[in-house]
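In what follows, a structure is listed as C-alpha coordinates, so that the remarks can point back to it.
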Amino acid sequence: MIADLIRQGWKSQVRAPFWQRSLAVNIFFGLIVAYMMLNLLVLGFFLDVILEEVMPETDPFSFVSGALLYFFLADLVFRFFMQSFPMMDIQPYLLLPIRKRHLFHYLLLKSVFNVFNLLPLLFFIPFATKIAFPAMGPAASWSWLLALFSLILLNHFAAFYLKRQFNVRPIAVLLLLAAIGLLGLADWQGILNGSEAFQVGIKAVTDAPMLLVVPILLTAGFYSVLYRAMRHYTYLDAFSTHKEVVAGNRDFDFLKRLGSVGAYIQLELQQILRNKRPRIQLSISIIFLLYPLLGLEYLEEGKVGFVLFFWVLSIGFPMINYGQYLFCWESPHFDFLMARNIFFPDFLEAKFFLLAAFNFIVAVPCLLYGLIAPLFLLFVPAVALFNAGVNVYIILYIATYNSRRIDPTRGDYMNWEGVGPSQFLMILPFLVLPLLIFHLFNYFGGLYAGLASLAIAGVLGLAGKRFLLPLLVQQFEGRKYILTSNFKKQ
(Lines of atoms letter the chains of each structure in order from A; the text may use other names.)
(Lines give C-alpha, C1' and ligand atoms only; values in the text may rest on other atoms or scores of the structure.)
Protein backbone atom coordinates (compact mmCIF):
# COMPACT_ATOMS: atom_id res chain seq x y z
CA MET A 255 0.00 0.00 0.00
CA ILE A 256 2.77 2.46 0.93
CA ALA A 257 4.61 1.66 -2.32
CA ASP A 258 1.42 2.35 -4.30
CA LEU A 259 0.98 5.68 -2.54
CA ILE A 260 4.58 6.64 -3.31
CA ARG A 261 4.07 5.78 -7.00
CA GLN A 262 0.94 7.94 -7.10
CA GLY A 263 2.79 10.75 -5.36
CA TRP A 264 5.56 10.55 -7.96
CA LYS A 265 3.00 10.74 -10.79
CA SER A 266 1.34 13.77 -9.19
CA GLN A 267 4.70 15.53 -9.02
CA VAL A 268 5.55 14.75 -12.63
CA ARG A 269 2.12 15.93 -13.81
CA ALA A 270 2.08 19.03 -11.59
CA PRO A 271 1.17 22.40 -13.17
CA PHE A 272 4.70 23.60 -12.35
CA TRP A 273 6.02 21.62 -15.32
CA GLN A 274 3.33 22.88 -17.69
CA ARG A 275 5.26 26.06 -18.29
CA SER A 276 7.03 26.96 -21.49
CA LEU A 277 9.96 24.85 -22.60
CA ALA A 278 12.33 27.80 -22.20
CA VAL A 279 11.37 28.30 -18.54
CA ASN A 280 11.83 24.59 -17.78
CA ILE A 281 15.24 24.61 -19.49
CA PHE A 282 16.24 27.70 -17.50
CA PHE A 283 15.30 26.11 -14.17
CA GLY A 284 16.98 22.89 -15.22
CA LEU A 285 20.23 24.71 -15.99
CA ILE A 286 20.19 26.46 -12.60
CA VAL A 287 19.68 23.15 -10.75
CA ALA A 288 22.35 21.44 -12.87
CA TYR A 289 24.79 24.29 -12.16
CA MET A 290 24.25 24.02 -8.39
CA MET A 291 24.66 20.25 -8.47
CA LEU A 292 27.80 20.50 -10.59
CA ASN A 293 29.32 23.03 -8.15
CA LEU A 294 28.82 20.64 -5.23
CA LEU A 295 30.26 17.71 -7.18
CA VAL A 296 33.34 19.70 -8.19
CA LEU A 297 33.81 21.08 -4.67
CA GLY A 298 33.63 17.60 -3.17
CA PHE A 299 36.03 16.13 -5.70
CA PHE A 300 38.62 18.93 -5.64
CA LEU A 301 38.42 19.96 -1.98
CA ASP A 302 41.83 18.43 -1.28
CA VAL A 303 43.37 20.57 -4.03
CA ILE A 304 41.68 23.71 -2.69
CA LEU A 305 42.84 23.02 0.88
CA GLU A 306 46.38 22.35 -0.33
CA GLU A 307 46.45 25.86 -1.80
CA VAL A 308 44.74 27.61 1.13
CA MET A 309 45.88 25.53 4.14
CA PRO A 310 48.76 23.30 3.03
CA GLU A 311 49.23 21.60 6.42
CA THR A 312 45.55 20.63 6.81
CA ASP A 313 44.41 17.06 6.28
CA PRO A 314 41.25 17.21 4.09
CA PHE A 315 39.47 14.36 5.88
CA SER A 316 40.17 15.81 9.34
CA PHE A 317 39.07 19.25 8.14
CA VAL A 318 35.71 17.97 6.83
CA SER A 319 35.11 15.80 9.90
CA GLY A 320 35.84 18.75 12.19
CA ALA A 321 33.46 21.02 10.28
CA LEU A 322 30.59 18.53 10.36
CA LEU A 323 29.18 19.85 13.65
CA TYR A 324 28.77 23.35 12.17
CA PHE A 325 27.25 21.86 9.05
CA PHE A 326 24.61 19.85 10.91
CA LEU A 327 23.73 22.69 13.31
CA ALA A 328 23.34 25.14 10.43
CA ASP A 329 21.47 22.51 8.42
CA LEU A 330 18.94 21.98 11.22
CA VAL A 331 18.23 25.70 11.58
CA PHE A 332 18.06 26.15 7.79
CA ARG A 333 15.63 23.25 7.42
CA PHE A 334 13.45 24.62 10.22
CA PHE A 335 12.92 27.86 8.33
CA MET A 336 12.95 26.62 4.73
CA GLN A 337 11.62 23.07 4.72
CA SER A 338 7.88 22.44 4.57
CA PHE A 339 6.14 19.17 5.36
CA PRO A 340 3.73 17.88 2.65
CA MET A 341 0.91 17.24 5.14
CA MET A 342 -1.81 18.21 2.68
CA ASP A 343 -0.74 15.46 0.28
CA ILE A 344 -2.84 12.95 2.22
CA GLN A 345 -6.03 15.00 1.92
CA PRO A 346 -7.37 13.11 -1.16
CA TYR A 347 -6.93 9.80 0.69
CA LEU A 348 -8.61 10.69 3.99
CA LEU A 349 -12.07 9.58 2.85
CA LEU A 350 -10.80 6.37 1.27
CA PRO A 351 -10.59 3.03 3.15
CA ILE A 352 -6.86 3.40 3.81
CA ARG A 353 -5.38 2.99 7.26
CA LYS A 354 -4.09 6.21 8.77
CA ARG A 355 -0.77 4.60 9.67
CA HIS A 356 -0.16 3.82 5.98
CA LEU A 357 -0.78 7.45 5.10
CA PHE A 358 1.59 8.70 7.80
CA HIS A 359 4.36 6.32 6.79
CA TYR A 360 3.79 7.35 3.17
CA LEU A 361 4.25 11.02 4.07
CA LEU A 362 7.38 10.36 6.10
CA LEU A 363 8.99 8.18 3.43
CA LYS A 364 7.98 10.54 0.64
CA SER A 365 9.53 13.48 2.46
CA VAL A 366 12.91 11.71 2.43
CA PHE A 367 13.13 12.27 -1.35
CA ASN A 368 13.95 15.88 -0.76
CA VAL A 369 16.43 18.24 -2.41
CA PHE A 370 17.80 19.17 1.04
CA ASN A 371 18.76 15.52 1.54
CA LEU A 372 20.23 15.15 -1.94
CA LEU A 373 22.51 18.18 -2.09
CA PRO A 374 24.84 17.19 0.80
CA LEU A 375 25.35 13.76 -0.79
CA LEU A 376 26.56 15.44 -3.99
CA PHE A 377 29.44 16.80 -1.92
CA PHE A 378 30.12 13.89 0.44
CA ILE A 379 30.08 11.04 -2.12
CA PRO A 380 32.79 12.43 -4.48
CA PHE A 381 34.82 13.52 -1.45
CA ALA A 382 34.66 10.02 0.02
CA THR A 383 35.43 8.44 -3.35
CA LYS A 384 38.62 10.46 -3.81
CA ILE A 385 39.84 10.91 -0.21
CA ALA A 386 38.23 8.41 2.17
CA PHE A 387 38.21 5.18 0.15
CA PRO A 388 41.95 5.22 -0.76
CA ALA A 389 42.96 6.24 2.79
CA MET A 390 40.64 4.14 4.99
CA GLY A 391 39.34 1.33 2.82
CA PRO A 392 35.78 0.45 1.78
CA ALA A 393 34.39 -0.64 5.19
CA ALA A 394 35.39 2.52 7.07
CA SER A 395 34.44 4.78 4.15
CA TRP A 396 30.99 3.26 3.75
CA SER A 397 30.49 3.56 7.51
CA TRP A 398 31.43 7.24 7.29
CA LEU A 399 29.00 7.87 4.44
CA LEU A 400 26.15 5.95 6.06
CA ALA A 401 26.69 7.76 9.36
CA LEU A 402 26.48 11.13 7.60
CA PHE A 403 23.39 10.09 5.67
CA SER A 404 21.75 8.94 8.91
CA LEU A 405 22.50 12.30 10.52
CA ILE A 406 21.12 14.12 7.46
CA LEU A 407 17.87 12.18 7.85
CA LEU A 408 17.92 12.84 11.60
CA ASN A 409 18.04 16.58 10.87
CA HIS A 410 15.30 16.07 8.29
CA PHE A 411 12.86 14.52 10.76
CA ALA A 412 13.96 16.72 13.68
CA ALA A 413 13.28 19.91 11.70
CA PHE A 414 9.77 18.72 10.84
CA TYR A 415 9.11 17.83 14.47
CA LEU A 416 10.33 21.21 15.72
CA LYS A 417 8.25 22.99 13.12
CA ARG A 418 5.19 20.99 14.17
CA GLN A 419 5.86 21.75 17.85
CA PHE A 420 6.27 25.44 17.07
CA ASN A 421 2.50 25.76 16.66
CA VAL A 422 2.04 24.51 20.23
CA ARG A 423 5.15 25.75 22.07
CA PRO A 424 6.68 28.56 19.97
CA ILE A 425 8.81 30.05 22.74
CA ALA A 426 10.29 26.67 23.73
CA VAL A 427 11.24 25.89 20.13
CA LEU A 428 12.82 29.29 19.58
CA LEU A 429 14.79 28.95 22.80
CA LEU A 430 16.03 25.56 21.59
CA LEU A 431 17.13 27.08 18.26
CA ALA A 432 18.82 29.89 20.17
CA ALA A 433 20.62 27.30 22.32
CA ILE A 434 21.80 25.57 19.14
CA GLY A 435 23.17 28.89 17.91
CA LEU A 436 24.90 29.48 21.25
CA LEU A 437 26.44 26.00 21.10
CA GLY A 438 27.91 26.70 17.67
CA LEU A 439 29.15 30.13 18.75
CA ALA A 440 30.71 28.75 21.95
CA ASP A 441 32.55 26.12 19.93
CA TRP A 442 33.70 28.74 17.43
CA GLN A 443 35.03 30.93 20.25
CA GLY A 444 36.85 27.97 21.80
CA ILE A 445 34.72 27.90 24.96
CA LEU A 446 33.55 24.37 24.15
CA ASN A 447 35.15 21.63 22.09
CA GLY A 448 32.00 20.32 20.48
CA SER A 449 33.49 20.00 17.01
CA GLU A 450 36.39 17.92 18.33
CA ALA A 451 34.00 15.66 20.26
CA PHE A 452 31.87 15.27 17.14
CA GLN A 453 34.98 14.45 15.11
CA VAL A 454 35.97 11.80 17.67
CA GLY A 455 32.48 10.28 17.44
CA ILE A 456 32.64 10.08 13.64
CA LYS A 457 36.12 8.55 13.81
CA ALA A 458 34.83 5.94 16.27
CA VAL A 459 32.22 4.91 13.70
CA THR A 460 34.86 4.54 10.98
CA ASP A 461 37.15 2.55 13.30
CA ALA A 462 34.33 0.28 14.52
CA PRO A 463 31.56 0.07 11.87
CA MET A 464 29.32 -1.68 14.41
CA LEU A 465 28.85 1.73 16.06
CA LEU A 466 26.95 2.78 12.95
CA VAL A 467 23.89 1.47 14.76
CA VAL A 468 23.96 4.59 17.02
CA PRO A 469 23.12 7.24 14.36
CA ILE A 470 20.70 4.80 12.71
CA LEU A 471 18.83 4.30 15.99
CA LEU A 472 18.77 8.06 16.61
CA THR A 473 17.24 8.61 13.17
CA ALA A 474 14.71 5.83 13.73
CA GLY A 475 13.85 7.41 17.09
CA PHE A 476 13.08 10.79 15.52
CA TYR A 477 11.08 9.02 12.80
CA SER A 478 9.00 7.37 15.52
CA VAL A 479 8.56 10.63 17.46
CA LEU A 480 7.42 12.47 14.33
CA TYR A 481 5.07 9.61 13.44
CA ARG A 482 3.40 9.81 16.86
CA ALA A 483 3.19 13.60 16.62
CA MET A 484 1.47 13.29 13.24
CA ARG A 485 -1.09 10.88 14.64
CA HIS A 486 -1.78 13.28 17.49
CA TYR A 487 -1.96 16.44 15.39
CA THR A 488 -3.88 15.11 12.41
CA TYR A 489 -7.02 16.91 13.58
CA LEU A 490 -7.04 20.68 13.81
CA ASP A 491 -8.57 20.76 17.28
CA ALA A 492 -5.46 19.02 18.62
CA PHE A 493 -3.66 22.33 18.33
CA SER A 494 -6.20 24.19 20.44
CA THR A 495 -5.42 24.55 24.12
CA HIS A 496 -7.33 26.24 26.91
CA LYS A 497 -4.34 28.38 27.68
CA GLU A 498 -4.24 29.82 24.17
CA VAL A 499 -7.95 30.58 24.17
CA VAL A 500 -7.67 32.45 27.46
CA ALA A 501 -4.60 34.35 26.27
CA GLY A 502 -6.37 35.42 23.10
CA ASN A 503 -9.24 36.92 25.07
CA ARG A 504 -7.39 38.90 27.71
CA ASP A 505 -8.93 42.29 28.36
CA PHE A 506 -5.85 44.19 29.64
CA ASP A 507 -8.15 46.21 31.88
CA PHE A 508 -5.27 48.23 33.32
CA LEU A 509 -4.84 49.93 29.92
CA LYS A 510 -8.29 51.49 30.22
CA ARG A 511 -6.79 54.00 32.65
CA LEU A 512 -4.99 55.57 29.67
CA GLY A 513 -8.24 56.54 27.98
CA SER A 514 -8.66 56.09 24.24
CA VAL A 515 -4.90 55.60 23.77
CA GLY A 516 -5.03 52.66 26.18
CA ALA A 517 -8.05 51.25 24.35
CA TYR A 518 -6.15 51.27 21.05
CA ILE A 519 -3.13 49.62 22.70
CA GLN A 520 -5.49 47.01 24.13
CA LEU A 521 -6.87 46.25 20.65
CA GLU A 522 -3.34 46.01 19.24
CA LEU A 523 -2.26 43.53 21.91
CA GLN A 524 -5.37 41.42 21.40
CA GLN A 525 -4.69 41.41 17.67
CA ILE A 526 -1.18 40.11 18.34
CA LEU A 527 -2.35 37.37 20.69
CA ARG A 528 -5.17 36.17 18.46
CA ASN A 529 -3.27 35.99 15.17
CA LYS A 530 -0.33 33.76 14.33
CA ARG A 531 1.53 35.99 11.89
CA PRO A 532 2.25 38.91 14.27
CA ARG A 533 3.11 36.47 17.06
CA ILE A 534 5.65 34.78 14.81
CA GLN A 535 7.06 38.13 13.66
CA LEU A 536 7.72 39.06 17.28
CA SER A 537 8.94 35.63 18.38
CA ILE A 538 11.69 35.69 15.75
CA SER A 539 13.19 38.55 17.77
CA ILE A 540 14.37 36.04 20.38
CA ILE A 541 16.97 34.77 17.92
CA PHE A 542 18.25 38.32 17.34
CA LEU A 543 18.94 38.70 21.07
CA LEU A 544 22.05 36.61 20.39
CA TYR A 545 23.42 39.04 17.80
CA PRO A 546 25.46 41.13 20.29
CA LEU A 547 27.62 38.05 20.89
CA LEU A 548 28.89 38.51 17.35
CA GLY A 549 30.14 41.92 18.39
CA LEU A 550 32.47 40.64 21.11
CA GLU A 551 35.33 40.06 18.70
CA TYR A 552 34.84 43.49 17.11
CA LEU A 553 34.75 45.08 20.56
CA GLU A 554 38.14 43.57 21.39
CA GLU A 555 39.51 44.88 18.09
CA GLY A 556 38.11 48.36 18.74
CA LYS A 557 35.64 48.25 15.82
CA VAL A 558 32.81 49.83 17.80
CA GLY A 559 30.80 50.65 14.68
CA PHE A 560 30.11 46.95 14.09
CA VAL A 561 29.23 46.53 17.76
CA LEU A 562 26.70 49.36 17.51
CA PHE A 563 25.18 47.83 14.37
CA PHE A 564 24.56 44.53 16.17
CA TRP A 565 22.96 46.33 19.11
CA VAL A 566 20.68 48.47 16.93
CA LEU A 567 19.55 45.35 15.09
CA SER A 568 19.14 43.27 18.24
CA ILE A 569 17.19 45.77 20.36
CA GLY A 570 15.28 47.33 17.49
CA PHE A 571 14.36 44.17 15.58
CA PRO A 572 10.93 43.73 17.23
CA MET A 573 10.12 47.34 16.39
CA ILE A 574 11.06 47.10 12.73
CA ASN A 575 9.81 43.55 12.19
CA TYR A 576 6.38 44.31 13.60
CA GLY A 577 6.28 48.04 13.00
CA GLN A 578 6.81 48.15 9.25
CA TYR A 579 3.52 46.22 8.90
CA LEU A 580 1.85 48.42 11.50
CA PHE A 581 -1.19 49.21 9.34
CA CYS A 582 -1.00 46.02 7.26
CA TRP A 583 -2.05 43.99 10.30
CA GLU A 584 -5.41 45.76 10.05
CA SER A 585 -5.64 45.47 6.25
CA PRO A 586 -8.58 42.96 6.25
CA HIS A 587 -10.75 45.49 8.09
CA PHE A 588 -8.87 48.75 7.47
CA ASP A 589 -11.73 50.31 5.50
CA PHE A 590 -14.05 49.57 8.43
CA LEU A 591 -11.67 51.37 10.81
CA MET A 592 -11.44 54.39 8.52
CA ALA A 593 -15.25 54.56 8.40
CA ARG A 594 -15.38 54.88 12.19
CA ASN A 595 -15.01 58.10 14.14
CA ILE A 596 -11.36 57.54 15.07
CA PHE A 597 -9.26 60.29 16.61
CA PHE A 598 -6.06 59.75 14.63
CA PRO A 599 -3.64 61.40 17.11
CA ASP A 600 -4.67 58.86 19.77
CA PHE A 601 -4.65 56.06 17.19
CA LEU A 602 -1.02 56.77 16.23
CA GLU A 603 0.07 57.59 19.77
CA ALA A 604 -1.05 54.10 20.84
CA LYS A 605 1.13 52.57 18.14
CA PHE A 606 3.99 54.85 19.22
CA PHE A 607 3.79 53.63 22.83
CA LEU A 608 3.49 50.00 21.73
CA LEU A 609 6.65 50.14 19.60
CA ALA A 610 8.54 51.98 22.33
CA ALA A 611 7.43 49.32 24.82
CA PHE A 612 8.75 46.55 22.54
CA ASN A 613 12.07 48.38 22.47
CA PHE A 614 12.45 48.71 26.26
CA ILE A 615 11.16 45.19 26.96
CA VAL A 616 13.97 43.80 24.79
CA ALA A 617 16.56 46.20 26.24
CA VAL A 618 16.08 45.07 29.86
CA PRO A 619 17.35 41.46 29.45
CA CYS A 620 20.10 42.76 27.15
CA LEU A 621 21.64 44.48 30.19
CA LEU A 622 22.80 41.01 31.27
CA TYR A 623 25.39 41.22 28.50
CA GLY A 624 27.19 43.60 30.82
CA LEU A 625 28.37 40.52 32.72
CA ILE A 626 30.30 39.49 29.59
CA ALA A 627 31.53 42.94 28.54
CA PRO A 628 30.91 45.89 30.92
CA LEU A 629 31.07 48.33 28.00
CA PHE A 630 27.82 46.84 26.71
CA LEU A 631 26.09 48.55 29.66
CA LEU A 632 26.66 51.82 27.80
CA PHE A 633 25.54 50.56 24.40
CA VAL A 634 22.20 49.16 25.60
CA PRO A 635 20.62 52.33 27.12
CA ALA A 636 22.03 54.53 24.34
CA VAL A 637 20.52 52.37 21.61
CA ALA A 638 17.26 51.86 23.51
CA LEU A 639 16.77 55.61 23.97
CA PHE A 640 17.63 56.34 20.34
CA ASN A 641 15.20 53.70 19.11
CA ALA A 642 12.39 55.00 21.34
CA GLY A 643 13.03 58.67 20.58
CA VAL A 644 14.09 58.66 16.92
CA ASN A 645 13.71 55.32 15.17
CA VAL A 646 10.12 54.89 16.31
CA TYR A 647 9.17 57.94 14.22
CA ILE A 648 11.02 56.49 11.25
CA ILE A 649 9.08 53.24 11.57
CA LEU A 650 5.74 55.02 11.84
CA TYR A 651 6.59 57.03 8.74
CA ILE A 652 7.75 53.95 6.83
CA ALA A 653 4.60 52.05 7.79
CA THR A 654 2.41 54.57 5.96
CA TYR A 655 4.08 53.53 2.69
CA ASN A 656 3.62 49.79 3.20
CA SER A 657 0.29 49.16 1.50
CA ARG A 658 0.56 45.41 0.94
CA ARG A 659 -2.43 43.44 2.15
CA ILE A 660 -1.61 40.55 4.48
CA ASP A 661 -3.62 37.93 6.32
CA PRO A 662 -2.55 38.03 10.01
CA THR A 663 -4.16 34.64 10.68
CA ARG A 664 -1.72 32.78 8.44
CA GLY A 665 1.05 31.44 10.62
CA ASP A 666 3.51 29.74 8.27
CA TYR A 667 7.06 30.57 9.29
CA MET A 668 8.21 31.21 5.74
CA ASN A 669 5.09 33.20 4.85
CA TRP A 670 6.29 35.90 2.44
CA GLU A 671 2.89 37.56 2.04
CA GLY A 672 3.33 41.31 2.11
CA VAL A 673 7.13 41.04 1.81
CA GLY A 674 8.99 42.57 -1.10
CA PRO A 675 12.27 44.32 -1.92
CA SER A 676 10.82 47.63 -0.72
CA GLN A 677 10.49 46.22 2.81
CA PHE A 678 14.22 45.57 2.98
CA LEU A 679 15.01 49.01 1.59
CA MET A 680 12.70 50.62 4.14
CA ILE A 681 14.75 49.41 7.10
CA LEU A 682 17.95 51.06 5.83
CA PRO A 683 17.23 54.46 7.49
CA PHE A 684 16.50 52.62 10.74
CA LEU A 685 19.98 51.04 10.66
CA VAL A 686 22.03 53.74 8.94
CA LEU A 687 20.97 56.88 10.85
CA PRO A 688 22.27 55.82 14.30
CA LEU A 689 25.54 54.69 12.72
CA LEU A 690 26.02 58.05 10.99
CA ILE A 691 25.30 60.04 14.16
CA PHE A 692 27.53 57.81 16.25
CA HIS A 693 30.48 57.93 13.85
CA LEU A 694 30.22 61.71 13.54
CA PHE A 695 30.52 62.31 17.28
CA ASN A 696 32.86 59.36 17.78
CA TYR A 697 35.28 60.88 15.27
CA PHE A 698 35.50 64.18 17.15
CA GLY A 699 34.87 63.15 20.76
CA GLY A 700 35.49 59.42 21.06
CA LEU A 701 33.31 56.46 22.01
CA TYR A 702 31.55 58.07 24.97
CA ALA A 703 30.63 61.14 22.93
CA GLY A 704 29.19 58.92 20.20
CA LEU A 705 27.03 56.93 22.62
CA ALA A 706 25.99 60.08 24.47
CA SER A 707 24.88 61.65 21.19
CA LEU A 708 22.56 58.70 20.54
CA ALA A 709 21.08 58.87 24.04
CA ILE A 710 20.59 62.66 23.85
CA ALA A 711 18.94 62.38 20.42
CA GLY A 712 16.57 59.78 21.85
CA VAL A 713 15.68 61.92 24.87
CA LEU A 714 15.05 64.94 22.64
CA GLY A 715 12.84 62.81 20.40
CA LEU A 716 10.78 61.61 23.35
CA ALA A 717 10.51 65.15 24.71
CA GLY A 718 9.43 66.44 21.29
CA LYS A 719 6.65 63.89 20.82
CA ARG A 720 4.04 66.64 21.13
CA PHE A 721 5.50 68.34 18.02
CA LEU A 722 6.65 65.32 15.98
CA LEU A 723 3.59 63.10 16.33
CA PRO A 724 1.21 65.63 14.67
CA LEU A 725 3.48 65.56 11.60
CA LEU A 726 3.01 61.80 11.40
CA VAL A 727 -0.74 62.25 11.83
CA GLN A 728 -0.74 64.55 8.79
CA GLN A 729 1.30 61.98 6.87
CA PHE A 730 -1.14 59.21 7.80
CA GLU A 731 -4.20 61.27 6.88
CA GLY A 732 -2.64 61.97 3.49
CA ARG A 733 -1.96 58.26 2.88
CA LYS A 734 -5.03 56.62 4.43
CA TYR A 735 -7.04 56.60 1.19
CA ILE A 736 -4.16 54.99 -0.72
CA LEU A 737 -3.80 52.42 2.05
CA THR A 738 -7.53 51.70 2.03
CA SER A 739 -7.57 51.24 -1.75
CA ASN A 740 -4.52 48.95 -1.82
CA PHE A 741 -5.66 46.87 1.15
CA LYS A 742 -8.83 46.00 -0.76
CA LYS A 743 -6.77 44.30 -3.47
CA GLN A 744 -6.42 40.56 -2.94
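Residue 255 is where the sequence shown starts when you use the numbering used here, and the numbers rise one by one after that. For glycine and all other residues, C-beta sits at the position ideal for the given N, C-alpha and C.
According to the DSSP assignment, G577 belongs to the alpha helix (DSSP H) that extends over V558 to G577.
Between P310 and S397, the beta carbon gap of about 29 Å keeps them out of contact (Cβ cut-off 8 Å). Annotation: the continuous alpha helix (DSSP H) that includes S707 extends over L701 to A717. F378 and L402 have their C-alpha atoms spaced approximately 8 Å apart. Counting only residues of its own chain and dropping the five nearest sequence neighbours on each side, L429 has no CB closer than 6 Å to any other CB.
Looking only at A653, F571 and L373, the smallest Cα-Cα distance to M290 is reached by L373. Leaving aside the five residues that flank M680 on each side, the residues in its chain whose CB is nearer than 8 Å to its CB run, in chain order, Q578, I652, Y655 and N656. Restricting attention to A604, I304, S449 and L405, the CA atom closest to the CA of T473 is found in L405. The Cβ-Cβ distance between R533 and I541 does not fall below 8 Å. Rounded to whole angstroms, the gap between the alpha carbons of R511 and P599 is 17 Å. As the crow flies, the alpha-carbon of G715 is around 6 Å from that of V644. In the displayed model, S514 falls within a helix according to three-state DSSP.
Each residue's CA atom was taken as its position, placing L726 and A709 some 22 Å apart. The DSSP-derived three-state label of F317 is helix.
For V287, the number of other beta carbons within 10 angstroms of its own is below 16, and it is reported as exposed. Ranking E554, S537, F564 and G556 by CA distance to the CA of P546 puts F564 first.
Residue environment analysis places A458 among the exposed positions, since fewer than 16 neighbouring C-beta atoms fall within 10 angstroms of its C-beta. Across the set Q337, L689, F606 and S449, the C-alpha of L689 shows the shortest separation from the C-alpha of K557.
Using a Cβ distance threshold of 8 Å, L602 and F741 do not count as a contacting pair. The beta carbons of V646 and A610 sit closer together than 8 Å. Annotated as distal: C620 and L685, with beta-carbon spacing of 8 Å or more. In this chain, the alpha helix (DSSP H) harbouring P374 covers V369 to F381. Inclusion of I569 and N613 in the CB contact set at 8 Å is warranted, their separation being smaller than that value. The Cβ atoms of L330 and A394 lie no closer than 8 Å to each other.
A distance below 6 Å between beta-carbons, with the five flanking residues on each side excluded, links G320 to the following residues of its chain, in chain order: S449 and Q453.
Relative to the Cα of V366, the nearest Cα in the group F560, A389 and R333 belongs to R333. Contact annotation, Y552 with V561: C-beta distance approximately 5 Å; criterion of less than 8 Å satisfied.
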